[in-house]
Amino acid sequence: MTIKCKKCNHEAVIFQKYSGMHLCKKHFVEDVERKIKLTIRKEYSIRKNDVIAVALSGGKDSSVALYIVHKILGNRPDIEIVAISVDEGINGYRPHSLEVAKSLTKILGVRHIIKSFKEVHGVTMDELAATDREKGACSYCGVLRKNILNRTALEIGATKLVTGHNLDDEAQTILLNHLRGDVERLVRLAPPAAIEGLVLRAKPLRNIPEKEVALYAIINSLPVDFSECPYAGEALRGEIRELLNNFEAKHPGTKYSLLRGFDKLAGALIKEMPPAKIGKCRICGETCTEDVCQTCKLLGRA
Ligand code: SF4
-18 MTIKCKKCNH EAVIFQKYSG MHLCKKHFVE DVERKIKLTI RKEYSIRKND VIAVALSGGK
42 DSSVALYIVH KILGNRPDIE IVAISVDEGI NGYRPHSLEV AKSLTKILGV RHIIKSFKEV
102 HGVTMDELAA TDREKGACSY CGVLRKNILN RTALEIGATK LVTGHNLDDE AQTILLNHLR
162 GDVERLVRLA PPAAIEGLVL RAKPLRNIPE KEVALYAIIN SLPVDFSECP YAGEALRGEI
222 RELLNNFEAK HPGTKYSLLR GFDKLAGALI KEMPPAKIGK CRICGETCTE DVCQTCKLLG
282 RA
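Under the working numbering, the residue at position 66 of the sequence shown is numbered 47, and the numbers go up by one with no gaps.
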């Protein structure tokens, strides 16, 4: 027996346990896009002459983010959308996802900039991973990638930098920071204020569960790389992901509750713990909160 969509007579492709709705392809796509439009309207005011940079890895989240931002804003002549990809230098993984990213930008007709760790930082992720490191590979990768994304976004005059973080990513990070007692990092998750030298981050998918992002990509036949980075696997995050998925199965809506609770707290947290004073790194001149930026520290330049 086929299960029907709650809104029409067509066959359902998904059951959203948290909303209690079965949805067909058309109504599922409408639901995802409605939530994303609402997030953009409420949290990231789009202005005339905005240049919107989208961090594009070729994975499902960033590909869906670019596709939807382009679908919603791509026909506005006063707004420019530019995709930025970072080649971290991870053999057997990144070359393929970059090809996938290229094909999406070609289909959409979006300008695409690719920068590499090697050309900007002088080292690949594979080279870094092979060294004696204090921290996990992702700690290096995340900092060096953010640095390139922000620099490139500034170079092209971007007013927003869109990333593909979904509801699962946000809920995991909130819980992870609680479990580590890391309130400073928790505060940084709150919608950022405009800071000179840092392009405003926007996460339009933060209200969309990961599974729905994947289904949206498949339904819209987006070129997407579903493979996993060989360095992936931050142990604690993996456990939290499993824990949250189990909770969500037993108590639908848990991930949304975590995000909503955090959003309510964020204002008070920012007042209690205002962001640290912003300055310039004395070595590379990047905007940062300390004497030397994270990138220079990790690359041993300090
Ligand atoms: Fe970089 Fe870690 Fe992501 Fe791999 S999983 S691309 S190492 S942040």
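Backbone N, C-alpha and C define an ideal beta-carbon position, used for all residues, glycine too.
- Query: Expressed to the nearest angstrom, what Euclidean distance is found between the alpha-carbon atoms of Lys(-12) and Gly1?
  - Reply: 12 Å
- Item | From Ala283, His(-9), Thr276, Asn72, residue whose alpha carbon lies closest to that of Gly123 | Thr276
- Using 7 Å as the cut-off, classify the Cβ of Ile71 as near or not near the heavy atoms of the ligand SF4, replying yes or no. yes
- Task: Report the three-state DSSP secondary structure of Cys277 (helix, strand or coil).
- Result: helix
- CA-to-CA distance, Ser43 to Gly117, given in whole angstroms: 23 Å
- For the candidate residues Ser26, Tyr25, Arg22, Leu47, whose alpha-carbon lies nearest to that of Ala198? Leu47
- Message: Does Arg92 come out as helix, strand or coil in the three-state DSSP assignment?
- Response: strand
- Query: Which residues in the same chain have their Cβ closer than 6 Å to the Cβ of Ala34, if we skip the five residues on either side of it in sequence?
  - Reply: Val63, Ile65, Ala134, Ala139, Leu142
- Is Leu85 close to chain C, meaning its C-beta is less than 8 Å from at least one C-beta of that chain? The displayed structure is made up of one protein chain only, and chain C is not part of it.
- Return the chain-ordered list of same chain residues with a C-beta closer than 6 Å to the C-beta of Cys284, the five sequence neighbours on each side being excluded. Residue 284 is absent from the model: the chain starts at -18 and stops at 283.
- Three-way DSSP call (helix, strand, coil) for Ala183 in this model: strand
- Query: Is Glu61 closer than 8 Å to Val32 when the C-beta atoms are compared?
  - Reply: yes
- Message: I'd like to know whether the C-beta atoms of Gly70 and Lys99 end up nearer to each other than 8 Å.
- Response: yes
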